[in-house]
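Below you'll find the structure, written out as structure tokens, and then a few comments.
In the working numbering, the protein residues as written are -16 to 432.
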């Protein structure tokens, strides 16, 4: 029971993050243009600018976590200290001041940047803490899966109840409705972070001296396996954005099945749930490398099933289920690799840089999402896409390339990178060696007292 308390307590941390992150991803642009009252161009520029700011705050937060040493641990204190600012900045981001147009734009920049920073303060530690919660490899896999499931629940909650809540609280006034809804989400996230803090405990210290030198020395501690992890994040989240964005275009224009769009979104989430629940058991029997190959193969098979069976409802539904299993398999395995990569830096480079690794993950995730969104927009424009109109054959072919063939290429890149992942074979050796180092360090500390 105590184990499950820790698993759920850790996992729901990402539910708290996703209550706001998923809302920002899905609703913030339309809020800014249709409710807040700034132009689409201004809102889009702001989103791009904040990606660069995020790159600095993510890296900075990672370095701060690596240099944090408290009786509560390295990452865990930030669930406590970051909870209230996260709720406050969520509220302020959706508060519309009685300012001039320029004043409102400045307000939007400041509050959105502060919210992104508050998100970084709680999310980077959530990424770093798993190796400190347990040294048991299977338990780490369970913790990661619990987090992935809770992240999906958070996304499902946002997608299913945000619009009804805005209507309920606003009574026709969207300004009031969004503010009340996001206040509820912010307070709920704050309470969840308190629970995550109370439910977790950092019991596994680093197996190396925790004194840090210069930033240059920290960068030197990044291994080739870390760069493989970063690129896997880049390609996975590029795949995620391509699928999530272009599935609407493909089913609306190429297949003419607009009535399926709600089902498509729900089916994608529900089909991924069994994979995330099964991953810990599968990872006890099979290597992460082989499971990644399997997940990539599932996605490609499902993708081709949709392409070949575009006139068959059974093939389309089956293809959506299979691609859902594949994409969430890639998702879960990528995040399950992270604790091993963190340990490998301690094992190989004698350096504790969990925060820096998590920061680079965040940078590559956001970079992949931003760059892919830009590429899709340019690609569709060059194909002659016109919104809410009958598309030309060229436009339809470009949509098909985006939805079917670009994901196949991304899956091939993920498989190629995974081929060079070698930590499955080193996992037992790393665990034993790091345990020996911790015992030696503990013995040295006790001997000096």
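Beta carbons: idealized from backbone N, C-alpha and C, even for Gly.
Between the CA atoms of residue j and residue i - distance to the nearest angstrom
i           : j           : result
residue 22  : residue 97  : 21 Å
residue 142 : residue 65  : 25 Å
residue 366 : residue 377 : 6 Å
residue 160 : residue 149 : 4 Å
residue 407 : residue 120 : 11 Å
residue 340 : residue 13  : 33 Å
residue 178 : residue -8  : 6 Å
residue 316 : residue 83  : 48 Å
residue 93  : residue 76  : 9 Å
residue 363 : residue 385 : 8 Å
residue 41  : residue 391 : 30 Å
residue 361 : residue 353 : 13 Å
residue 170 : residue 70  : 6 Å
residue 280 : residue 131 : 21 Å
residue 423 : residue 187 : 14 Å
residue 323 : residue 156 : 49 Å
residue 6   : residue 164 : 10 Å
residue 78  : residue 9   : 18 Å
residue 257 : residue 265 : 12 Å
residue 443 : residue 286 : What is shown of the chain runs -16 to 432, which leaves residue 443 out entirely.
residue 204 : residue 168 : 38 Å
residue 290 : residue 387 : 7 Å
residue -5  : residue 134 : 8 Å
residue 342 : residue 308 : 27 Å
residue 3   : residue 73  : 7 Å
residue 238 : residue 230 : 10 Å
residue 126 : residue 318 : 10 Å
residue 251 : residue 329 : 37 Å
residue 172 : residue 114 : 24 Å
residue 180 : residue 44  : 18 Å
residue 235 : residue 292 : 16 Å
residue 288 : residue 297 : 10 Å
residue 410 : residue 189 : 16 Å
residue 246 : residue 138 : 15 Å
residue 350 : residue 56  : 30 Å
Bridge-paired residues (DSSP) for residue i
i           : result
residue 255 : According to DSSP, residue 255 bridges with nothing at all.
residue 56  : 53
Buried or exposed (CB count within 10 angstroms, at least 16 for buried), residue i
i           : result
residue 380 : exposed
residue 267 : exposed
residue 151 : exposed
residue 212 : buried
residue 31  : exposed
residue 201 : buried
residue 224 : buried
residue 344 : buried
residue 383 : buried
residue 263 : buried
residue 1   : buried
residue 415 : exposed
residue 37  : buried
residue 373 : exposed
residue 111 : buried
residue 254 : buried
residue 123 : buried
residue 371 : exposed
residue -10 : buried
residue 259 : buried
residue 395 : exposed
residue 399 : exposed
residue 221 : buried
residue 311 : buried
residue 419 : exposed
residue 295 : exposed
Residue span of the alpha helix (DSSP H) that contains residue i, given as start and end
i           : result
residue 240 : Here residue 240 belongs to no alpha helix (DSSP H), and DSSP marks it neither H nor E.
residue -13 : -15 to 14
residue 374 : Unbroken run through residue 374: none, as it is neither H nor E.
residue 234 : Unbroken run through residue 234: none, as it is neither H nor E.
residue 294 : Residue 294 -> no alpha helix (DSSP H), and no H or E assigned at all.
residue 402 : 389 to 402
residue 354 : 337 to 365
residue 201 : 198 to 203
residue 113 : 113 to 116
Any beta strand (DSSP E) of 3 or more consecutive residues that is wholly inside the segment 118 to 161 | The qualifying runs do not exist here; there are none.
Output the residue ranges of the alpha helix (DSSP H) runs that lie fully inside the segment 32 to 106 and measure 4 residues or longer, sorted by chain position.
-> Here the runs fully enclosed are 60 to 76.
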